[in-house]
Every structure is written in C-alpha cells, then in structure tokens.
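Below is one structure; the comments refer to it alone.
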Amino acid sequence: MIHAFEYRGTYLVLDVESGAVHEVDKPSYDVISAVERGNAVNALPYSHSLIQEIMDEIEELRKEGVFDSPAPKAPYADASFSPIKSMCLNVAHDCNLRCAYCFAETGEFHGGRMLMPIETAKAALDMLVQRSGTRYHLEVDLFGGEPLMNWEVVKGIVAYGRELEQKHNKHINFTITTNGLALDDEKIDYINREMFNVVISIDGRREVHDALRVTPNRKGSYDTIVPKAQKLVSLRGDGEHYIRGTYTADNLDFTEDVKALHELGFEQISIEPVVLKPDEPHAINDSNVDRAIEEYDTLLDYVLDQKKEGKPFNFFHFHVDLDNAPCLAKRALGCGAGVEYVAVAPNGEVYPCHQFVGDKDFLLGNVLEKDENGDVPLREDIRQRFASCNIFTKEKCSKCWAKYFCSGGCAANAHKLNGSITEPPDVSCKLLKKRTEIAIGMATVKERE
608 MIHAFEYRGT
618 YLVLDVESGA
628 VHEVDKPSYD
638 VISAVERGNA
648 VNALPYSHSL
658 IQEIMDEIEE
668 LRKEGVFDSP
678 APKAPYADAS
688 FSPIKSMCLN
698 VAHDCNLRCA
708 YCFAETGEFH
718 GGRMLMPIET
728 AKAALDMLVQ
738 RSGTRYHLEV
748 DLFGGEPLMN
758 WEVVKGIVAY
768 GRELEQKHNK
778 HINFTITTNG
788 LALDDEKIDY
798 INREMFNVVI
808 SIDGRREVHD
818 ALRVTPNRKG
828 SYDTIVPKAQ
838 KLVSLRGDGE
848 HYIRGTYTAD
858 NLDFTEDVKA
868 LHELGFEQIS
878 IEPVVLKPDE
888 PHAINDSNVD
898 RAIEEYDTLL
908 DYVLDQKKEG
918 KPFNFFHFHV
928 DLDNAPCLAK
938 RALGCGAGVE
948 YVAVAPNGEV
958 YPCHQFVGDK
968 DFLLGNVLEK
978 DENGDVPLRE
988 DIRQRFASCN
998 IFTKEKCSKC
1008 WAKYFCSGGC
1018 AANAHKLNGS
1028 ITEPPDVSCK
1038 LLKKRTEIAI
1048 GMATVKERE
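Numbering (this note's numbering), first residue to last: 608 to 1056.
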C-alpha cells in the first residue's frame, strides 16, 4: 500500500508497510496518485512514453522490495500473557470546573462525586506491580476529575510508589493531569520534583477558554490558571510537560489559540479536537470538519514562521519519528487500553481506560476484591476484546494508509460515537490523516535540510 501527498510544494510517497518516504517529481506524483486512487493514468497530461517510464520504475522498485511493500503477518495478541505496564488513577471523581464539553460529566463519571482513599490507591499500585511481570518501567497517571482536590492522597500515592520501586526493583514514572486552578507554590514544587510529566489544560485565548472552562459559579478560570501554569513551567526547566487545549466548533480558528499559548511563553503545546456526538453543542462533525482540516495548514504556517524567527515550539501532533518507530505489535495495538493499560476509579473499580470509567459493560474487576491467592481477578474476556481490537482486525483500518501512525485510533471515542470499539469515527480519521501528512512532511523536509 502507498500514499502520495503534497507537502508545501514537495511531492512525497509513503510506503505504508515499510514506513519509507520517497520524494518524487511532479509527473511521478501524478502517476502514483492516479494509481492509488484507481484512476486512469492515460488521462494525465503527459506523454505515453513518460507515463510508461514511470510505471516501469515503480514496478522495478516493487521487485526490489522498497516500494509498496507487502503487509506483515498480523501479530497474535493474547491479553492473558500481556503484563500491565501503565495505570490511570482517578484520584478524584470531582472537579472545581464545570467544562461544557467534559467527557466525565464534570468529574462524576456517571456516578456520585467522590475522592479516592489512600487504601484504594495502594491496592491499585499493588495490582500494577503484581501484573507488570518482569517489566521495569511503569507509568501511573494521576487523573480525575481534578486530582489536586485530593492532594494528600496524591502525595501518599507517590510515596507508596517509591516504596514499591525499592521493594520490587521497579521504576514508576508519575504524570499528573490538572486544570491548574488549585496550584500553589507547594504543589508546584512537589510536582516539579516528583512528576515525570505534567499536563495542564488551557484552551488558548482567554475568551475561548472562559467560554467553556468555567467554575461552578459560571466564572471564567483563565486569569487564575495561566499565571500558575507559567510559574510551574518556568521552574520546571527541561522537565516533561504539555499545555493541552481542546478546540470545538466554536473556535475552528484554533491557530489563534496555539498562538496565544505560545505568546504566553509555552513551548510544548497540544490542541485536541473535542470528542462529542455530532448533534451535541460544540461538536466537530461532517458540517465543519473540512474547516478544521484547513486550519491545520494555517497552523503549520505559524509553526514554520516561528521557527524562522528563532522562536520554535513543539506542537504535539506535528511530530513523528520516522527512524525510530515502535515495534509492530505496539503500532497495531496503540495505547494498549484494557491490555497493557487500565484505569482505576475511587471505589476500586478497574476499567480499560479512563474514558470507560463508570460504564459497567466494561468493568474489569475491583482492586479491593482479591482471590484466594491474593490476586485481583480481571475479566479476561473483556481484556481479550481489546487485545483483538487492532489495525489488522478493524476492516477500515487494515485498508488505511495512516494505520501505523494512529494505531487504529481511540477505542473509547469509537465506542462513544459509533457504539463499537472497532469502528473509528470518520471525523477523527480525517483529522488524524491531515495531521499525519503534515508531520511526515515536516520530518522528511527537516532530514533533507
């Protein structure tokens, strides 16, 4: 399988299975594009001899195995043999904001507001270590709701994690995802010292952020959050972090939001499309997705202009490593939800990921309920469903050129929008493909330069 596309006047062809990217001239691009789309090459404005020459070159490259490589055999995924290496701890099913687009019902996750007790958190970490097998590096994301609302437990989780590291010869990378509203000097110092990564949610411009990310009394939160986020990032140095925003149908000019974040001094930025059902307010849907796709070109112009001016920054979705891609199994399975990755609710319930929390159809077990051996039993049938949900088993994904870059997309989003973890939503796919073309183009031209 191949995919031909243009990146700022450069004609590129991706060999999907090998990951190789070829730069070609305009006639070759047109011929390859016609072949990819099933169009007649004879209709192209080139001589028959030139078209035939290009076709012969393509065939020769195919024979050499460097163009249109065959698909590999699908790796067999057996969840029962897969260690769990990462965990999301929903330390707070409560939040100090009431964001209009929140997937978690402003922190309630389809249930009452509650905070995770330290005993539940410790039981969750015990299960993670027990089920991690020989894996040394583990990951724990402290999530919510708003995790800073359960601050003493956050610190207790990290302290207990450090004990487990010593006891079991493990290393745990802690990440915290926060709206930043409750940050203070003590929390900033602790987070910068103990957290491998921190994600702070800011949607960009003040008016965009304050329109949807409001406090319970409907007040805007921008002016409170931004100075705290700036202080945390300035003190963090080279430590991993991201400022993560969400764009909706209300701000399809989201380049302006990236620009606003960059002008505030942030250099690690991610702006994500909102995930809502098509008929919900603020949704990205068939009526506006083309406008969102166009905006990525505008954003690319801004990213490159800032680089030329000596003010570079990293936009998360415009980065891809063409030389050091993950192994086939990882690219097939993606985030590993339900297999290598699970989420734990404050009451101890275990789910495939944080977006499934509260959906009893996906309840895997409970960290507080152990068998006679002291182990936490999990629903292996559900885990196997997720292990079998990959780019080789999804018909739509198996025929898609972007499959190794998105790994089949988000299972939770597919379930929310299409009612099945195996049916990626078209709108999400369109946006992903556009971002991927830009990322590949940037990486290829950068290597050439």
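Just so it is clear, CB atoms sit at the ideal spot from N, CA and C, and this is done for glycine as well.
If I'm right that tyrosine 849 touches glutamine 875 with Cβ under 8 Å, what's the distance once you round it to whole angstroms?
As a working mapping, residue 849 is identified with position 242 in the sequence shown. As a working mapping, residue 875 is identified with position 268 in the sequence shown. Going by Cβ atoms, the distance from tyrosine 849 to glutamine 875 rounds to 5 Å, so yes, they are a contact pair.
Taking the DSSP output, what are the residues bridged to methionine 694?
Taking the first residue of the sequence shown as 1, we reach residue 694 at position 87. Val747, Val949.
For glycine 972, does the three-state DSSP call read helix, strand or coil?
Against the sequence shown, residue 972 aligns to sequence position 365. Of the three classes helix, strand and coil, the one that applies to glycine 972 here is strand, per DSSP.
What span of residues does the beta strand (DSSP E) with isoleucine 780 cover, start to end?
Locating residue 780 in the sequence shown gives position 173, where the first residue counts as 1. With the sequence shown as reference, residue 780 is identified as asparagine, and isoleucine is not the correct amino acid for it. Element bounds for asparagine 780: 778-785.
Who are the near neighbours of arginine 898 in its chain, counting only those whose CB is closer than 6 Å to its CB and skipping five residues on each side?
Translated into positions along the sequence shown, residue 898 becomes position 291. Leu859, listed in sequence order.
Histidine 610 lies in the alpha helix (DSSP H); which residues open and close that run?
Here residue 610 refers to the residue found at position 3 of the sequence shown. No alpha helix (DSSP H) holds histidine 610; the beta strand (DSSP E) holding it covers 609-614.
Checking 8 Å against the spacing of the C-beta atoms, do phenylalanine 781 and phenylalanine 750 come in under that value?
On the sequence shown, position 174 is the one that residue 781 refers to. On the sequence shown, position 143 is the one that residue 750 refers to. For phenylalanine 781 and phenylalanine 750, no; Cβs fall outside 8 Å.
Determine the contact status of glycine 945 and isoleucine 989, defining contact as a CB-CB distance below 8 Å.
The residue you call residue 945 lines up with position 338 of the sequence shown. The residue you call residue 989 lines up with position 382 of the sequence shown. It is a contact, given that the beta carbons lie within the stated cut-off.
Within the continuous alpha helix (DSSP H) that includes serine 635, where are the two ends?
Working through the sequence shown from its first residue, we reach residue 635 at position 28. Note, serine 635: alpha helix (DSSP H), 633-644.
Using three-state DSSP, classify histidine 629 as helix, strand or coil.
The residue labelled residue 629 in the question sits at position 22 within the sequence shown. Looking at histidine 629 - three-state DSSP - the assignment turns out to be strand.
Look at the alpha carbon of valine 628 and the alpha carbon of leucine 1039, and state the distance between them as a whole number of angstroms.
Here the question's residue 628 lines up with position 21 in the sequence shown. Here the question's residue 1039 lines up with position 432 in the sequence shown. Rounded to the nearest angstrom, the two C-alpha atoms are 18 Å apart.
Might you give, ordered along the chain, the residues of its own chain that have their beta carbon closer than 7 Å to the beta carbon of methionine 734, omitting 5 neighbours on each side?
Locating residue 734 in the sequence shown gives position 127, where the first residue counts as 1. If we look at methionine 734 and ignore the five residues flanking it on each side, its Cβ neighbours are Val974, Val983.
So, helix, strand or coil for arginine 851, using DSSP?
In the sequence shown, residue 851 corresponds to position 244, counting from 1. Strand at arginine 851.
Quick check on lysine 853: buried or exposed, where buried means 16 or more other Cβ atoms within 10 Å of its Cβ?
For the purposes of this step, residue 853 is taken as residue 246 along the sequence shown, with counting starting at 1. It is threonine, not lysine, that sits at residue 853 in the sequence shown. By the neighbour-count rule (16 or more Cβ atoms within 10 Å), threonine 853 is buried.
So, with DSSP's three-state summary, where would you put asparagine 757?
For the purposes of this step, residue 757 is identified with residue 150 of the sequence shown, where counting begins at 1. In this structure, asparagine 757 counts as helix in the three-state DSSP scheme.
Between the alpha carbons of histidine 924 and arginine 1042, how many angstroms are there, rounded?
In the sequence shown, residue 924 corresponds to position 317, counting from 1. In the sequence shown, residue 1042 corresponds to position 435, counting from 1. When rounded, the distance between both Cα atoms is 6 Å.
Please report how far the alpha carbon of lysine 1010 lies from the alpha carbon of serine 625, in whole angstroms.
Stepping through the sequence shown from its first residue, residue 1010 is reached at position 403. Stepping through the sequence shown from its first residue, residue 625 is reached at position 18. Rounded to the nearest angstrom, the two C-alpha atoms are 12 Å apart.
State the Cα-Cα distance for the pair lysine 657 and alanine 641, rounded to the nearest angstrom.
Counting from 1 along the sequence shown, the entry for residue 657 is found at position 50. Counting from 1 along the sequence shown, the entry for residue 641 is found at position 34. One detail in the question is off: residue 657 reads as leucine in this sequence, not lysine. Each residue's alpha carbon lies about 14 Å from the other.
Would you mind working out which of Arg769, Ala789, Gly811 sits nearest methionine 756, comparing C-alpha positions?
In the sequence shown, the residue the question calls residue 756 occupies position 149. Nearest option by C-alpha distance: Ala789.
Would alanine 730 be called buried (16 or more neighbouring beta carbons within 10 Å of its own) or exposed?
Residue numbering aside, residue 730 sits at position 123 when the sequence shown is read from its first letter. The residue is buried, with at least 16 neighbouring Cβ atoms inside 10 Å.
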